[in-house]
Each structure stands twice: as structure tokens, then as C-alpha cells.
Amino acid sequence: MKIEAKDPVVEFHDLTASYDKKPVLWNIDMTLPQGALIGIIGPNGAGKSTLIKAAMGLLPLASGYVRLFDRPLDEVRRRVSYVPQRETVDWDFPTAVLDVVLMGRYGRLGLLARPGKADREIARECLRKVGMEAFARRQISQLSGGQQQRVFLARALAQEADLYFMDEPFSGVDAATESAILSILQEMTAQQKTVVVVHHDLQSAAEFFDWIVLLNMRLVASGPIEKVFTPDLLQETYGGKLTVLSEVGELVRKRQIPSREKY
Amino acid sequence: MERLIEFLSFRDPSVLSVTIGAILLTASSAVVGTFTFLKKKALVGDAVAHSVLPGICLAFLLSGTKNPIFLIGGAFATGWISLLLVDKISMRSKLKEDTAIALILSVFFGLGILLLTYIQHSGNAAQTGLDSFLFGKAAALVGQDLLVFGVVAVVLLLAVTLFFKELKLIAFDPAFARALGLPVYGIDLLLTTLTVLAVVTGIQAVGVVLMAAMLITPAAAARFWTDDALHMTLLAATLGALSGLAGAFVSYAAPAMPTGPWIVMVVSVLAMLSFFFAPRRGIVSRWFQQRQLQHTILDENVLKALYHLGEADDDMFRDRSLEQIIARRFFPRRPLRRALQRLQRRKLVQRRNGTWRFTKAGQQKGQRMVRLHRLWELYLSRYLEIAPDHVHEDAETIEHILTPELEQELARQLDFPERDPHQSKIPS
Chain A
440 MKIEAKDPVV EFHDLTASYD KKPVLWNIDM TLPQGALIGI IGPNGAGKST
490 LIKAAMGLLP LASGYVRLFD RPLDEVRRRV SYVPQRETVD WDFPTAVLDV
540 VLMGRYGRLG LLARPGKADR EIARECLRKV GMEAFARRQI SQLSGGQQQR
590 VFLARALAQE ADLYFMDEPF SGVDAATESA ILSILQEMTA QQKTVVVVHH
640 DLQSAAEFFD WIVLLNMRLV ASGPIEKVFT PDLLQETYGG KLTVLSEVGE
690 LVRKRQIPSR EKY
Chain B
624 MERLIEFLSF RDPSVLSVTI GAILLTASSA VVGTFTFLKK KALVGDAVAH
674 SVLPGICLAF LLSGTKNPIF LIGGAFATGW ISLLLVDKIS MRSKLKEDTA
724 IALILSVFFG LGILLLTYIQ HSGNAAQTGL DSFLFGKAAA LVGQDLLVFG
774 VVAVVLLLAV TLFFKELKLI AFDPAFARAL GLPVYGIDLL LTTLTVLAVV
824 TGIQAVGVVL MAAMLITPAA AARFWTDDAL HMTLLAATLG ALSGLAGAFV
874 SYAAPAMPTG PWIVMVVSVL AMLSFFFAPR RGIVSRWFQQ RQLQHTILDE
924 NVLKALYHLG EADDDMFRDR SLEQIIARRF FPRRPLRRAL QRLQRRKLVQ
974 RRNGTWRFTK AGQQKGQRMV RLHRLWELYL SRYLEIAPDH VHEDAETIEH
1024 ILTPELEQEL ARQLDFPERD PHQSKIPS
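Protein chains in written order, with this note's numbering: chain A, 440 to 702; chain B, 624 to 1051.
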């Protein structure tokens, strides 16, 4: 089941991506609509994070390409924001909350320039939006999991982008943070911004998203939630891994075969 | 002492130049090392430091002089190659990075020692002093040497100042930096180059064997004092400079002695001091906080015991002897007496003829502790469905940390209860 988006913001074209030479995503081909809150859903090891990393150019593609706003990523970087998984950084790093949010401005600043007063203003405003303005001067190691997630969200907001890729922004947060984050994301999509979220909780997925991508090493389905979030498709996504696919992937890794031939 | 004053007067111009040189070198390597430290690549510095030795020897063999420009060039070349190899080995083979580092370090250093021995036995008169690169000789930092090493050190400081924002971001969150479109690869390359350069300049003062300490120790010490990367960098530079100063003095007072070990000893002592005595993060301060916490807990337990006694005979303000308190709840005598003395200082109890009684404030505080204890017991038994005879132990710890806000929330959720699971009254 694959429904193409009208005026797509994101286009994956026959994308195959590998980790350590082992293909983890096979031939992903889909388009995603503008102004939607999009959930990427699938079991562990389905390649959800890999998909958005591939979109952000964070790993080499074995084949295929991604186009954002119908352009290559490098031409539209400023319009795109990426929120990594919270666990990927060291929260004991010597820096304050506001400094982390200011990092969202670095893309616009470019090399060598220092963030100015206007940047600080914007960063503070973003902290206010996520309800963390009181924490601006706080050292980041003092934050709880939910607060860390909010700070990451504030940093993404500070980028003032049109398209957001977020890796598990709801993981490890309390109920209050969850609804706070959700309402911010909904506000963003109301302003025609597009938000793509990697998510692993099926139950809340049904309430959160307008558009669902079901993933399990390959694209199972992509489309508006009412069409795609069906028991059959979920069964296809979660029921039994495609063992042949992962076995072939393992073979590719062992033999060190490039997954596309050169000539 | 006399020598120290003489040294600090800088009457001898060469002393001044050696001092400036040593301070510049140690401070600049400390600054670069801060980022190696923040990227958790401490061992990389060690690998580079040992790998520059063959470069120095080769440069000498090829040029036949000890001209610092040639030597720096040679050191830079092998230092860089070593890092490149570490990267390639850990990426392309099954070996992990630490193995690759150990491998490269020993191979390059072995090669360096081999060449050095060959040069020393070759009878080349110009070679004297080359072995000072092993353990450092700050006294050699005069004239052209000082100029060349000094310029490199200034370049290092400038580069870190210019790229501070990017270096910090990449140390914290490299994936985000790449997503922003920053040239992460280029900046990593810059940091690698700076690390090699820092090592290359530092070896004149510290020597290849101990150079890694100069990169990492000041940063590690600085981390104990601050939670801000900029302050940490500045502090690391200061600590590095202090040890450089010490090294210069040693070079002056005892010319025969290698300076490297002295510099490293000084910076290590500074690091140990930080480790023990830094506020909040230091061992002593942590120990003190722990003790403080234990006192608070003990004091609150004594107040509770007094309250329980008052509850039992319906008179909160009766005099209680130590024996009565201990009979109600066991405390060892000495800590109990100390706790009562602390409570007396806080005007929560009064002492009369060796007995103790609540003040009004003390009685209220005791009441609050009992209330928190019983509220928590009730919460556990009602919401977590824990048997009433199992809730006491938990409540003993939790009562000391509940905030007034949580207290209100608990009372609200439990619908302002009057009795705990043991049917004791919950005071208001």
C-alpha cells in the first residue's frame, strides 16, 4: 500500500542504505506531503533511524537518492532540521542549556561568526516555547530525560526550518512533556511545516500522526493514517521479520560485496 | 629561594625568553588538548607524541642540522601519518581504535629510538642535544628556536579562538553538526592538525615521552572547576602555563635536569589538587556533602522520635532524657548527643539539666516529618498496593526528600487523609 503525496516535500527514490556494508533498508521509494505530522513506525531494527539519517546525508547511500523540496539536500540545508536521538550525546558535556539551543543558529551563522544578540533572543524564545526558559543558564547534566528532549526540540526550533526530521523525540519522556512536545509539533504543522518523527509506540502513533510510514527493512506502507493504519498492514510490518531479507543482508556484509555493481 | 627570586626577576634575558617560550608551549597544548579531551580521544595525543620522534630523527639525518624548521617539518609529517594510519586501521580492519593506537604508538616510537641511537653512534658532532627531545629541555628555547616554536604556539591559539564554536559543537554533537552542513570532516582534520602541531611544539619543553600528559592533564583538571567549555579552556591554559613556568625555573636552577618530568609533575599535582579540592565535583566536597546529608537525616529522625514520645503521652513539650529517646528509637549515644546539640543551635530543641525538649519550631518540624512519613506510607499502600507492614522502611528514606510541593500533591491525591495504614493519626 503506497500513496503518493501531492506536492511532495520529501522524495525517497529507490533508496538502499547499508550499515557496515550490510543493507538495512531496501529500495525505499515514496513521497511525503507538506504540512503533515508524519510518523515512521516499525519494529526494532526496521531501519527507522537509518531512513532519516539517510535523508540528512549522515550515511552513504548504496543506491538511490533523496530530494527535499525537489532539490538535493545541500541546496536546502537551512530549511531542514535534524533532531538526533537523545542518547547520542554526552549530557555531562560542559555547556549550558542556552548554548545548546544556540547551536541551532550555527547553520545560519556560518563559520567563524559568533552568535549575536538577535540569535540569543531567538534561542530564548524557543526555550520559552518548550517551557524551559527558567533553565537557560543551567548546566545540561542537571536535566531530566524529558527536559533533555525539550532542549533538543528548542534547538531544532531555533533553526527556523520548514522540514524537521526527529529521531524518537518521545522516548523516555514523562506524560507532561509528551503532550507539550506533541502540541508544539501540531502547531508547527499548522504553519505548513513538515515534521517527520521516528516513533516506536503503536498506541500513541494512532493519536499523534496524520501520515504514517510503515517500515520493516523495506517500505510496507506510506499514506494518510486512516488508509494505512490497518490491522493487516500492521501485521505485515510487525508479524515475522523478513528473514530472507536480513539473511541476504548478512551475506552481503560477510562477502563485502558492494550492494550495487560498478559497471 | 634565592634562586627563585633571582629567576623571577628575569635579570638574565635568556631566562625571560625561556620562560615565555615554556609558558606559550604548555598553554597552547593545553588549549588544543581540551578538545581532544572533550572528544574523549585522550590516547590519540599519546600516539602522536610518540610518533613524532622518527620524524625528528629523519629530518636531522636528511638535513644534517638541528634547524627547528626542518625538525618541526619532520615531526609534523610522521605525527600526521601516524594519526592517518590509526584512522585507516580502525575503519578498514576489525581492530578497534585503542588497539590501532597501541600498535602505531609502539611501532613509530621504536623506529624513532632506533634512528636516535644510530645518530648518536654516527659520530656526527651536530647531534648533541637531539636526545633532549625525549624528555624535553626548556633551556634550549632561545633565539631562533624560541621564535619558530613561539610562532607555531600563537598560530594554535589563534586557530582555536577562531573555530571555538565549531570545535565545541563537533565535540558535543557531531551528527547535528553534519546535519547543519558544517564541514565536519574539515574541522576534524583541523583539530588533528592542531593536535599534531601542539605535540610538535610542546616536545621542546616536555619531550615526546610525556607530551600526552601536557595535552590531557590540564583539561582533566580544569573540568573539575567549571561546567562551561570556554572557562574550561581558559583554565586549562592557565594550569598549563603554571606548569610551563615551573619547567622554565627548573631549567634555570638545574640545567642538567630534563624539564619534561618536572612540568608534568607540576601539572599532575595541580590535577590532583583539583580532583580532591574542587568545589562540588572534588572528592572532599562530595564527602562533605554526604556528611551534611547524613547529619540532616539523623537530626530529622531525632525530631521524629521526640514527636513520637510527645504523641505517646499527649505532651509535646515535656523534658526527655537521652535514655527515653533511645528507648523510643535506637540511636548510638555520641551521634545522638551531637544531633541534639545541632538542633539546639538551630533553636529546635532546648536543653535543661541534661534533658531535652522541643521548642515550638522544633515541634512543628517534627510534626512535618511524621506527617511526610505517614503520607508516604499511605500512598505506597494505596497506589502501589504494598502491604502495610512493608511500607515503613521505604517511608524512612523518602520522608527526608519530599518537597512541600510534593507533600501537597500527595495530600491532594490521597484526599487529605487522617489516618495512615497503621491507623496512626496523620498530623496536619
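Every residue gets a Cβ at the ideal spot worked out from N, C-alpha and C, and that includes glycine.
Proximity test, residue i beta-carbon vs the ligand COA heavy atom, cut-off 7 Å
| i | result |
| --- | --- |
| A:Asp468 | This structure simply doesn't include the ligand COA, nor any ligand for that matter. |
C-beta atoms of residue i and residue j nearer than 8 Å
| i | j | result |
| --- | --- | --- |
| B:Phe633 | B:Ala876 | no |
| B:Ala794 | B:Leu661 | yes |
| A:Gly503 | A:Asp453 | yes |
| B:Val819 | B:Trp703 | yes |
| A:Gln631 | A:Gln473 | yes |
| B:Ile949 | B:Arg997 | no |
| B:Ala845 | B:Leu817 | no |
| B:His1045 | B:Thr919 | no |
| A:Leu654 | A:Gly486 | yes |
| A:Val637 | A:Glu675 | no |
| A:Ala716 | A:Gly543 | No answer is possible for residue 716 of chain A: the residues shown for chain A start at 440 and end at 702. |
| A:Phe604 | A:Ile491 | yes |
| B:Ala650 | B:Gly883 | no |
| B:Ser674 | B:Phe731 | yes |
| B:Leu792 | B:Leu814 | no |
| A:Val448 | A:Phe508 | yes |
| A:Leu551 | B:Leu780 | no |
| B:Val771 | B:Ile679 | no |
Beta-carbon proximity list for residue i, same chain, < 8 Å, skipping 5 on both sides
| i | result |
| --- | --- |
| B:Asp754 | Leu739 and Gln743 |
| A:Gly727 | The structure shown does not extend to residue 727 of chain A, since chain A is modelled only from 440 to 702, so the question has no answer here. |
| A:Arg510 | none |
| A:Lys568 | Ala593, Leu596 and Ile623 |
| A:Ala535 | Ala575, Arg576, Arg577, Gln578 and Ile579 |
| A:Leu708 | Any question about residue 708 of chain A goes unanswered here, given that chain A covers just 440 to 702. |
| B:Lys970 | Thr982, Ala984 and Gly985 |
| A:Ala445 | Here residue 445 of chain A turns out to be Lys, not Ala, going by the sequence shown. Excluding residues within five positions, the ones whose Cβ falls inside 8 Å are Pro472. |
| A:Gln524 | Ser488, Asp606, Glu607 and Ser610 |
For residue i, the first and last residue of its enclosing alpha helix (DSSP H)
| i | result |
| --- | --- |
| B:Pro797 | Pro797 to Ala802 |
| B:Val807 | Val807 to Val829 |
| B:Ser944 | From DSSP, B:Ser944 is part of no alpha helix (DSSP H); its letter is neither H nor E. |
| A:Asp671 | Pro670 to Tyr677 |
| A:Gln630 | Element bounds for A:Gln630: n/a, residue is neither H nor E. |
| B:Leu929 | Ile906 to Ala935 |
| B:Leu681 | Ala665 to Ser686 |
| B:His1015 | His1015 to Ile1021 |
| B:Leu1042 | The residue asked about is misnamed: residue 1042 of chain B is Arg in this sequence, not Leu. Where B:Arg1042 is concerned, there is no enclosing alpha helix (DSSP H), given that its DSSP letter is neither H nor E. |
| B:Asp754 | Run containing B:Asp754: none; DSSP gives neither H nor E here. |
| B:Leu896 | Thr882 to Phe900 |
| B:Pro1050 | Neither: B:Pro1050 is in no alpha helix (DSSP H) and is coded neither H nor E. |
Beta-bridge pairing of residue i - partner residues as DSSP gives them
| i | result |
| --- | --- |
| A:Ile651 | A:Gly478 and A:Gly662 |
| B:Arg974 | B:Trp979 |
| A:His638 | A:Ile480 |
| A:Pro578 | The identity of residue 578 of chain A in the sequence shown is Gln, whereas the question assumes Pro. A:Ala535, per the DSSP bridge assignment. |
| A:Val505 | A:Phe451 |
| A:Ser606 | One point to set straight first is that residue 606 of chain A is Asp, not Ser, in the sequence displayed. Bridge partners of A:Asp606: A:Val637. |
| B:Arg997 | B:Arg997 pairs with nothing; no bridge assigned. |
| A:Ala456 | A:Leu464 and A:Leu500 |
| B:Lys791 | Paired residues: none, contrary to the question. |
| A:Lys441 | A:Ser661 |
| B:Lys717 | DSSP output for B:Lys717 lists no bridge partner at all. |
| A:Arg553 | Paired residues: none, contrary to the question. |
| A:Arg412 | Nothing can be reported for residue 412 of chain A: it is not among the residues displayed for chain A, which extend from 440 to 702. |
First and last residue of the uninterrupted beta strand (DSSP E) at residue i
| i | result |
| --- | --- |
| B:Phe981 | Thr978 to Phe981 |
| A:Asp468 | Lys461 to Pro472 |
| A:Ser583 | It is not in any beta strand (DSSP E) - A:Ser583 carries neither H nor E in the DSSP assignment. |
| A:Val522 | Val519 to Val522 |
Own chain, CB closer than 6 Å to residue i, minus 5 neighbours either side, in chain order
| i | result |
| --- | --- |
| B:Met834 | Ala672, Val822, Gly825 and Ile826 |
| B:Ile724 | Leu666, Ala670 and Val709 |
| B:Ala653 | Pro841, Ala859, Ala860 and Gly863 |
| B:Ile1021 | Trp999 |
| A:Arg506 | Glu450 |
| B:Gly933 | Met939 |
Minimum Cβ-Cβ distance from residue i to chain D less than 8 Å
| i | result |
| --- | --- |
| A:Met571 | Absence of chain D from the displayed structure is noted, the protein chains being A and B. |
Neighbourhood of residue i by C-beta, 7 Å cutoff - its chain only, sequence neighbours within 5 removed
| i | result |
| --- | --- |
| B:Trp848 | Leu858, Ser897 and Ala901 |
| B:Arg975 | Asp942 |
(request) Could you say if the stretch 798-811 of chain B and the stretch 644-657 of chain B meet the contact criterion of at least three C-beta pairs nearer than 8 Å? (result) Verdict: no, contact absent.
* To do: Say whether the stretch 924-933 of chain B touches the stretch 954-963 of chain B, bearing in mind that this needs 3 or more beta-carbon pairs closer than 8 Å, one atom from each stretch.
  => A contact exists between the stretch 924-933 of chain B and the stretch 954-963 of chain B.
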